Structures are given as C-alpha cells and as structure tokens.
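Undergrad: Provided herewith is a single structure, encoded as structure tokens, for subsequent inquiry.
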Amino acid sequence: MTDQKKTILQLFFFFLLLLLESTLEQQTSSSSPVEKSALLVLRSSLGLRGRDWPVKGDPCLNWNGVRCDQNGSVTHINISRFRRTRVGNQNPQFSVDSLVSLTRLASFNASRFSLPGPIPVLLGSSLLTLRVLDLSSCSITGTIPANLSGLSRLTFLDLSNNSIQGNIPLSLTSLQNLSFLDLSSNSVDGLIPASIGALSKLQRLNLSHNALSSSIPPSLGDMSALVELDISFNDLSGSVPSELKELRNLQTLVVAGNRLSGSLPTDLFSFMSKLQIVDFRGCGFTAVLPSTLWSLPDLKILDLSGNQFSNELPNTTVSFGSTVSLLNMSENMFYGNLALILRRFRVVDLTRNYFQGKVPDFVPINASLSNNCLQGPTSQRGLSDCSSFYSSKGLSFDNFGQQPAQEKKPEDIQASSILLDDKFEVRLGSFSKACHQENNGRPKKIARLLSRLSQSSQESIPDSPATATCAYDVYCFGKILLELITGKIGISSCEEPQFKKILTEIMPHISSQDKEPVTNILDQSLLVDEDLLEEVWAMAIVARSCLNPKTTRRPLMRHVVQALENPLRVVREDSSESERFRTIGSSRGSSSSGRVFGSWRQSTSDPVAAGTSSLLSQAEGFARSGGMTGSSTRGSSRGASSRRSMKDV
2 MTDQKKTILQ
12 LFFFFLLLLL
22 ESTLEQQTSS
32 SSPVEKSALL
42 VLRSSLGLRG
52 RDWPVKGDPC
62 LNWNGVRCDQ
72 NGSVTHINIS
82 RFRRTRVGNQ
92 NPQFSVDSLV
102 SLTRLASFNA
112 SRFSLPGPIP
122 VLLGSSLLTL
132 RVLDLSSCSI
142 TGTIPANLSG
152 LSRLTFLDLS
162 NNSIQGNIPL
172 SLTSLQNLSF
182 LDLSSNSVDG
192 LIPASIGALS
202 KLQRLNLSHN
212 ALSSSIPPSL
222 GDMSALVELD
232 ISFNDLSGSV
242 PSELKELRNL
252 QTLVVAGNRL
262 SGSLPTDLFS
272 FMSKLQIVDF
282 RGCGFTAVLP
292 STLWSLPDLK
302 ILDLSGNQFS
312 NELPNTTVSF
322 GSTVSLLNMS
332 ENMFYGNLAL
342 ILRRFRVVDL
352 TRNYFQGKVP
362 DFVPINASLS
372 NNCLQGPTSQ
382 RGLSDCSSFY
392 SSKGLSFDNF
402 GQQPAQEKKP
412 EDIQASSILL
422 DDKFEVRLGS
432 FSKACHQENN
442 GRPKKIARLL
452 SRLSQSSQES
462 IPDSPATATC
472 AYDVYCFGKI
482 LLELITGKIG
492 ISSCEEPQFK
502 KILTEIMPHI
512 SSQDKEPVTN
522 ILDQSLLVDE
532 DLLEEVWAMA
542 IVARSCLNPK
552 TTRRPLMRHV
562 VQALENPLRV
572 VREDSSESER
582 FRTIGSSRGS
592 SSSGRVFGSW
602 RQSTSDPVAA
612 GTSSLLSQAE
622 GFARSGGMTG
632 SSTRGSSRGA
642 SSRRSMKDV
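For reference, each letter of the sequence shown is one residue, going 2 to 650 in this note's numbering.
As structure tokens, then:
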C-alpha cells in the first residue's frame with residue numbers, strides 16, 4: 002500500500018513538471034525574429050554586458066529584465082542599474098532607436114543607467130503602447146519633448162534627477178491617464194501650467210528641486226485623486242491658494258524652501274483628513290497657524306521651521322489613534338506655555354521661539370527647547386529679549402519665574418530694541434530708561450533717547466563716552482535704518498571697524514539727487530514699487546544723515562521721527578522750497594520735517610559729491626579724534642554753522 006502511494010506521487014510530480022515546462026515555453030519563447038533582431042541592436046547600442054543579455058540566449062528566456070507575452074512579443078524592458086561594457090563606457094549615448102520595432106512594449110525602465118543626451122523624439126511618436134517610462138537618474142540633458150503627449154496610454158512618467166532644462170510643455174498636461182509624474186531634481190524653469198489641474202487621475206506629483214517660478218496655480222485643487230504633492234525648493238512666490246483645501250485624498254504636502262509669504266488660508270486643512278506629512282519649512286509664512294492643522298488624525302510628520310508663525314499652541318487633550326513621529330517648529334515666533342498638544346509627538350524641536358513657563362512632564366525628554374523663554378532649560382533667550390517680545394504683543398512675561406529684577410540700563414540701541422509700526426511710529430522695545438519728549442501733544446513718539454551706558458557697554462565700544470548723548474543715540478538709529486533697508490541683520494550690533502567697512506559698500510549708493518542707486522543695496526526680499534522706492538530712498542537719506550561722522554551735524558531724534566512720518570517730503574522738497582520753509586516756519590510736524598531734511602540734503606551733499614573716500618576720511622578722522630560725541634577740530638567753522646542752522650529750526 003505504501004509503495005503504491007509513492008508511485009502515484011511520483012507520476013503526479015512528473016506530469017506537473019511537464020505541464021510547467023510546456024507553459025513556460027509557450028509564454029517566454031521568442032517567436033518574432035524582427036523583435037529579437039531589434040533587441041540585439043539595442044544591446045549593441047547601449048553596450049550591455051553579455052552576462053545580462055547573452056547573445057546566444059533567447060531574450061524572453063535568458064535576458065535579465067526582459068518579459069514577453071504568450072505570443073513572444075516583448076512587453077517589458079528593465080535595464081535599471083545595469084552596467085555597460087568597457088567599450089560601451091567610452092562613448093555612452095541615448096541610442097534606443099530599435100525600440101520602435103517592439104510594437105507591444107508597455108514598460109521601459111532605464112533608471113540609474115547612464116543615457117547621456119536629450120530624450121529621443123521617437124519615444125513620443127512611435128512607442129504608442131507604452132504605459133510606464135522611467136528615465137530617472139540617467140544623465141539626460143535637453144528639454145522635455147512636447148510630443149510625449151502622444152503616449153496617451155502612459156500612466157507612469159519619471160524623469161527625475163537629471164539635467165533637464167526648459168519649461169514644462171503644456172502638451173504634457175494632456176496625458177489624461179497619468180497617475181504618477183516626477184520631474185524633480187532638474188533645472189526645469191518657468192511656470193507650473195494652470196492646465197495641470199486637468200490630470201484628474203494623477204495621484205503623485207513631484208516638481209521639487211527645480212527653478213519653477215511665479216505662484217502656485219489654484220488649479221492644483223482640481224486634482225481630486227492626488228495623494229502626494231511635492232513642489233518644494235523652487236522659486237515660487239505669493240501665497241498658498243485656498244483651492245488646495247479640496248485635495249481630500251492628500252497624504253503628503255511639501256512646499257518647503259520657496260519664497261512664499263502671507264498667512265495660510267484658515268480652512269486649508271478643513272477637508273484634508275488623510276494628511277500624514279506636512280512640510281512648510283523655510284517659506285516665510287507669517288501670522289497665525291490654522292488651528293485645524295492640529296486636529297488631523299493621521300498626522301505623522303509636521304515641519305514648520307524657519308517661518309514667522311506667531312501664536313500659542315492649542316491646549317487640547319483630544320487623543321488620536323496615531324502618534325506623530327516628528328514635530329519641528331524651530332525658528333518661528335510661537336509663544337505662551339507649552340501645551341498638551343505636544344503629547345502627540347515623539348521627537349520635538351521648539352528651538353528659537355518665545356515659549357515661556359515651566360516645562361511640563363508630558364513634553365518628550367529628548368525635546369530641543371533652547372533659545373526660548375522657558376524656566377529650567379539652559380541656553381534660553383535673555384530677559385530683555387523675552388520682555389520686549391511679550392510687551393510688543395501686549396502680554397506679560399513671567400520673568401523666568403523670578404521676582405522682577407532691578408531695572409537694567411540699556412547697553413546700546415539695536416534693531417531688537419526698536420519697534421516700528423506700519424506708520425513708521427517708533428515704539429519702545431527693551432529700553433528700561435528713556436526720556437519721552439512730547440511732540441505736539443503726542444507723547445508716545447520718541448524724540449530723545451537719553452540713558453547712561455552700562456560698564457559692559459563701555460568695554461564693548463572702544464573710546465565710547467560714559468554717557469549716551471542724543472548724537473550717539475541718533476548714530477545708532479542710523480545703523481538700524483540701514484539694517485532695515487539692506488536686510489543685512491547684524492549691522493546695528495557689529496563693531497565700529499567692521500561697520501566702517503560696511504559703510505564703504507553702502508554709502509556710494511545713497512545719493513540725495515538720484516534714487517536709482519538705492520536699488521543696489523535694497524533688501525531683495527522686499528517688493529517695492531515706484532512710490533515705495535521713494536520712501537526707501539528717504540529712509541536711506543535719513544540714515545546717512547544720522548551717520549554723519551560729525552556729531553554736531555546729526556539731526557535730533559525729534560526730526561527723525563517727523564521725517565519718517567512724511568518720508569516723501571524728504572526727497573520731493575527742492576532747495577527753494579526748503580529755503581522758504583526756513584523763513585516762514587511752521588509748528589506742524591510735516592513742515593518741520595521738510596525744513597530739516599531740506600537743509601540736510603544741502604549739508605550732506607558735500608560728502609556725496611566728494612565720493613566715498615571723502616566720507617571715509619571724515620569717519621576715520623572722527624575715530625582718531627577719540628570720541629563719538631565730540632566734534633572734530635577740522636572744519637570747526639562748518640560745524641558751528643551747522644549748529645546755528647539746527648538752532649534756527
């Protein structure tokens with residue numbers, strides 16, 4: 002009985018092997034001499050090695066990466082990561098002309114196989130049965146052929162990590178069956194076509210690491226099937242369109258590394274309940290973060306670093322099914338106490354914000370908390386920085402959990418200590434001692450800043466006086482104005498030798514006669530039209546006057562404030578009108594600023610006319626004289642004249 006069972010099993014396996022062999026031969030044997038000849042030509046033109054594609058072997062049976070249908074027609078070619086022969090490496094080319102003979106080819110994958118040169122036009126005109134085209138990391142150059150639109154059956158197109166240039170052809174958006182499109186890591190420029198929204202079946206779109214410009218097209222919100230959207234690290238500007246809220250199937254949203262601005266739409270995340278990855282780092286967003294972002298149930302990675310978001314964390318206790326792997330909120334302006342929402346996160350980076358209070362137990366032990374206003378952790382912001390920030394928002398600071406310290410004396414006037422609103426009204430920041438001089442019944446404006454420098458300040462500023470005079474305060478404010486105009490953060494706090502070097506680069510571009518040179522030093526992130534350029538020009542002239550090396554020829558802070566209230570009057574008053582203002586006189590601030598800056602344009606014209614060398618010689622002579630507030634012995638008569646004109650005003 003046992004022997005009979007063994008015999009039956011042996012016969013069963015024998016017939017099974019015969020059946021498998023017969024099926025294998027039917028499915029993989031090549032029956033088309035034309036296609037075999039085409040494959041041999043392709044093997045030769047690409048310089049493929051014999052170990053991958055042996056000459057004497059059957060392509061459908063023995064060639065790696067080649068698949069055929071039951072009729073022996075080639076349907077798939079995968080040469081990904083293949084290596085060329087030594088001869089083939091001597092002159093590699095994108096030579097695939099023989100593919101036109103493969104009439105049933107559905108997939109061609111050459112990723113990470115060197116194909117230097119442009120994409121052949123024949124790919125779009127002849128391979129009409131192609132569904133998958135993967136040419137990623139192939140060293141391709143040139144542009145994207147417009148006739149790729151002829152591949153109407155294409156569902157997968159990957160051209161990433163090459164050296165492709167030019168625009169995204171509009172014809173590409175007619176590939177209605179596309180579900181995957183990746184053009185990332187190239188040099189593609191121009192606009193994102195608005196017609197891209199017509200790709201209704203597209204699930205993954207990656208345009209990152211290119212040179213795409215202009216704004217994000219609202220039509221992206223029409224791609225209802227989209228699961229992944231990555232447009233990061235381009236040159237996109239403007240705001241995020243609210244139409245993106247319609248991407249209800251979206252799981253990954255990455256817009257990092259662009260020049261975006263403004264606030265995010267409040268309802269942006271209202272319908273994106275499937276979002277798992279959100280990356281907004283380094284975009285320049287401002288205002289308040291939409292509260293709906295915190296309630297996304299499947300969120301796993303959230304990166305908001307390098308923006309200017311400014312609001313408190315929601316103190317929610319809602320529990321979610323998944324735990325977020327990463328939260329990066331560093332380099333923003335978030336404030337308030339650390340909230341319960343942080344319980345969702347495993348890895349937390351909150352550095353360079355303004356959070357205050359104690360660190361609760363629910364905050365992850367590995368959280369990065371430096372450069373905040375927290376009690377306990379090391380490397381926190383200074384008291385003046387934290388107090389100034391919370392004061393600017395009308396909030397109280399907990400003083401690191403200690404009793405209010407004795408009032409500190411300001412060390413210097415820097416950009417972190419001056420607050421300017423949209424009307425150029427100057428507000429106190431971290432100054433603890435300052436004299437407010439009323440100006441026509443408006444006591445909130447700063448006319449003079451008088452304080453005694455601390456001992457540490459005297460040590461940090463060589464040859465500085467023991468008392469900060471009006472002239473020295475105005476000099477520091479001139480530095481602040483230059484910092485605002487040029488966008489070069491740190492001008493107001495650098496040492497004098499370094500500051501003089503900066504002046505040699507900036508001053509030649511500030512002329513009281515011509516506004517165009519100012520554009521050479523203007524912060525490139527500012528959007529300035531013709532009218533605003535005149536205001537910036539006026540600020541530059543004010544800054545130059547504040548930085549006059551002769552202290553007696555620097556304006557009073559009262560006049561600086563008046564000028565910033567009416568900046569256009571500074572540059573539009575001609576000399577005759579300025580003379581008329583001096584003789585007529587007026588009690589109004591605008592007329593006063595016209596008189597003062599009319600005289601400033603005349604009094605400061607000589608260093609401009611003499612060039613930068615003249616200005617520097619005055620500055621160097623002033624530095625050698627041994628004091629920042631004492632007048633130079635040279636040109637004393639001119640200084641006396643200047644004092645008289647100021648007194649007259």
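Beta carbons: idealized from backbone N, C-alpha and C, even for Gly. Only a predicted model underlies this, so the values are computations on that prediction, with no experimental measurement involved.
1. Count the other CB atoms, across all protein chains shown, that sit within 10 Å of the CB of Thr552; report buried if there are 16 or more and exposed otherwise.
2. By DSSP's criteria, Phe157 is part of a beta bridge. Which residues make up the other side?
3. Could you say which of Gly89, Arg52 and Val75 lies nearest to Pro34 if we only look at CA atoms?
4. To the nearest angstrom, report how far apart Ala257 and Arg282 are at their CA atoms.
5. Mind checking whether Asp183 and Ser161 have CB atoms under 8 Å apart?
6. Assuming Arg82 and Gly48 are in contact, meaning their beta carbons sit under 8 Å apart, how far apart are those beta carbons, in whole angstroms?
7. Does the region 355-362 touch the region 322-342, meaning 3 or more C-beta pairs lie closer than 8 Å?
8. Figure out for me which residue from Thr130, Leu343 and Val88 has the closest Cα to the Cα of Thr104.
9. Could you name the residues of the same chain whose beta carbon sits closer than 6 Å to that of Ser209, not counting the 5 residues immediately before and after it, in chain order?
10. Helix or strand or just coil, what does DSSP make of Gly167?
11. Quick one: residues in its chain with C-beta nearer than 7 Å to the C-beta of Val88, no 5 flanking neighbours on either side, listed in chain order?
12. Could you round the C-beta distance between Leu251 and Leu227 to whole angstroms and report it? I think they count as a contact, below 8 Å.
13. Could you give the residue range of the alpha helix (DSSP H) that holds Asp386?
14. Nearest to Lys489 by CA position, among Gln514, Thr505, Leu523 and Glu496, is which residue?
15. I need the DSSP call for Val475, collapsed to helix, strand or coil.
16. Going by Cα to Cα distance, which pick from Leu128, Leu62 and Gln403 is closest to Leu149?
17. Can you list, in chain order, the residues of its chain with a C-beta nearer than 7 Å to that of Ala195? Leave out the 5 residues immediately preceding and following it.
18. Buried or exposed: where does Lys246 fall if 16 or more other Cβ atoms within 10 Å of its Cβ makes it buried?
19. For Ile507, name the three-state secondary structure that DSSP assigns.
20. Ends of the alpha helix (DSSP H) at Glu36?
21. Let me know the secondary structure DSSP gives Leu303 once reduced to three states.
22. Pair every Cβ in the region 476-489 with every Cβ in the region 533-552, then say whether three or more of these pairs are closer than 8 Å.
23. If we ignore side chains and look at the alpha-carbon of each, how far apart do Ile141 and Gly118 end up?
24. Thinking just about the alpha-carbon of each residue, which of Arg344, Val349 and Ser371 is nearest to the one in Tyr355?
25. Please report how far the alpha carbon of Arg344 lies from the alpha carbon of Leu375, in whole angstroms.
26. Taking Cβ to Cβ, would you say Phe157 is nearer than 8 Å to Pro121?
27. Between Ile492 and Leu504, what straight-line distance do the alpha-carbon atoms span, to the nearest angstrom?
28. List the DSSP bridge partners of Glu313.
29. DSSP on Cys547, reduced to helix/strand/coil?
30. Do Phe346 and Leu328 have their C-beta atoms closer together than 8 Å?
31. Are the beta-carbon atoms belonging to Asn211 and Asn187 less than 8 Å from one another?
32. Determine the closest residue to Gly143 out of Asn163, Glu566, Ser153 and Ser126, with distance taken between C-alpha atoms.
33. Would DSSP call Ser220 helix, strand or coil?
34. Less than 8 Å separating the beta-carbons of Met273 and Leu305?
35. Expressed to the nearest angstrom, what Euclidean distance is found between the alpha-carbon atoms of Ser392 and Pro315?
36. Rounded to the nearest angstrom, how far is the Cβ of Ser138 from that of Arg113, given a contact under 8 Å?
TA: Walking through what the data contain:
1. Along the sequence shown, read from residue 1 onward, the residue named residue 552 stands at position 551. The residue in question, Thr552, is buried, as its Cβ has 16 or more Cβ neighbours within 10 Å.
2. Residue mapping note: residue 157 aligns to position 156 of the sequence shown, counting from 1. Note: Phe157 sits in a beta bridge opposite Val133 and Phe181.
3. Within the sequence shown, residue 34 is the residue found at index 33, counting from 1. When each option's Cα is compared against that of Pro34, the closest is Val75.
4. Translated into the one-based positions of the sequence shown, residue 257 becomes position 256. Translated into the one-based positions of the sequence shown, residue 282 becomes position 281. Near 5 Å, if we compare the C-alpha coordinates of Arg282 and Ala257.
5. Here residue 183 corresponds to residue number 182 of the sequence shown, with the count starting at 1. Here residue 161 corresponds to residue number 160 of the sequence shown, with the count starting at 1. Yes, they are a contact pair.
6. Here residue 82 corresponds to residue number 81 of the sequence shown, with the count starting at 1. Here residue 48 corresponds to residue number 47 of the sequence shown, with the count starting at 1. That pair is no contact at about 15 Å.
7. Contact between the region 322-342 and the region 355-362 is present, because at least three Cβ pairs lie under 8 Å.
8. Residue numbering aside, residue 104 sits at position 103 when the sequence shown is read from its first letter. It is Thr130.
9. Translated into the one-based positions of the sequence shown, residue 209 becomes position 208. These residues qualify, in order along the chain: Ser185, Asp231, Ser233 and Phe234.
10. Counted from its first residue, the sequence shown places residue 167 at position 166. Strand at Gly167.
11. On the sequence shown, position 87 is the one that residue 88 refers to. So the qualifying residues of the chain are Gly48.
12. Your numbering for residue 251 matches position 250 in the sequence shown. Your numbering for residue 227 matches position 226 in the sequence shown. Taking a contact as a CB-CB distance under 8 Å, the pair Leu251 and Leu227 counts as one, their CB atoms being some 6 Å apart.
13. If you number the sequence shown from 1, residue 386 lands on position 385. Start and end: Leu384 to Ser393.
14. As a first step, residue 489 must be located in the sequence shown, where it is residue number 488. Among Gln514, Thr505, Leu523 and Glu496, the Cα nearest to that of Lys489 belongs to Leu523.
15. Reading the sequence shown from its first residue, position 474 is the one you call residue 475. Of the three classes helix, strand and coil, the one that applies to Val475 here is helix, per DSSP.
16. Working through the sequence shown from its first residue, we reach residue 149 at position 148. Of the listed residues, the one whose Cα sits closest to Leu149 is Leu128.
17. In the sequence shown, counting from the first residue as 1, residue 195 sits at position 194. Counting only Cβ-Cβ distances below 7 Å, and skipping sequence neighbours, we find Pro218 and Ser220.
18. As a first step, residue 246 is located in the sequence shown; it is residue number 245 there, counting from the start. With 16 or more Cβ atoms within 10 Å of its Cβ, Lys246 is classed as buried.
19. What you label residue 507 is simply residue 506 of the sequence shown in a count that begins at 1. Ile507: helix per DSSP, three-state reduction.
20. Against the sequence shown, residue 36 aligns to sequence position 35. Judged by DSSP secondary structure, Glu36 falls within the alpha helix (DSSP H) whose first and last residues are Pro34 to Leu47.
21. As a position in the sequence shown, residue 303 is number 302, starting the count at 1. Three-state DSSP puts Leu303 in a strand.
22. Touching, yes, given that three or more Cβ pairs across the two stretches are closer than 8 Å.
23. Residue numbering aside, residue 141 sits at position 140 when the sequence shown is read from its first letter. Residue numbering aside, residue 118 sits at position 117 when the sequence shown is read from its first letter. The straight-line gap from Cα to Cα measures roughly 5 Å.
24. The count along the sequence shown starts at 1 and reaches residue 355 at position 354. Ranking Arg344, Val349 and Ser371 by Cα distance to Tyr355 puts Ser371 first.
25. For the purposes of this step, residue 344 is taken as residue 343 along the sequence shown, with counting starting at 1. For the purposes of this step, residue 375 is taken as residue 374 along the sequence shown, with counting starting at 1. Approximately 18 Å, taken between the alpha carbons.
26. The sequence position of residue 157 within the sequence shown is 156, counting from 1. The sequence position of residue 121 within the sequence shown is 120, counting from 1. Their beta carbons are not under 8 Å apart, which means Phe157 does not touch Pro121 by this criterion.
27. As a position in the sequence shown, residue 492 is number 491, starting the count at 1. As a position in the sequence shown, residue 504 is number 503, starting the count at 1. If you take the alpha carbons of Ile492 and Leu504, they lie about 10 Å apart.
28. Taking the sequence shown and counting its residues from 1, one reaches residue 313 at position 312. Answer is Tyr336, bridged to Glu313.
29. To locate residue 547, count along the sequence shown from 1; it is residue 546. Looking at Cys547 - three-state DSSP - the assignment turns out to be helix.
30. Within the sequence shown, the letter at position 345 stands for residue 346. Within the sequence shown, the letter at position 327 stands for residue 328. Against a cut-off of 8 Å, the Cβ pair of Leu328 and Phe346 comes out as a contact.
31. Numbered from its first residue, the sequence shown carries residue 211 at position 210. Numbered from its first residue, the sequence shown carries residue 187 at position 186. It is a contact, given that the beta carbons lie within the stated cut-off.
32. To locate residue 143, count along the sequence shown from 1; it is residue 142. Residue nearest to Gly143 within the set Asn163, Glu566, Ser153 and Ser126 is Asn163 (criterion: CA-CA distance).
33. Your numbering for residue 220 matches position 219 in the sequence shown. Looking at Ser220 - three-state DSSP - the assignment turns out to be helix.
34. By one-based count along the sequence shown, residue 273 stands at place 272. By one-based count along the sequence shown, residue 305 stands at place 304. Cβ atoms of Met273 and Leu305: not closer than 8 Å.
35. In the sequence shown, the residue the question calls residue 392 occupies position 391. In the sequence shown, the residue the question calls residue 315 occupies position 314. Each residue's Cα considered, the two are about 21 Å apart.
36. If you number the sequence shown from 1, residue 138 lands on position 137. If you number the sequence shown from 1, residue 113 lands on position 112. About 5 Å separates the two Cβ atoms, so the contact holds.
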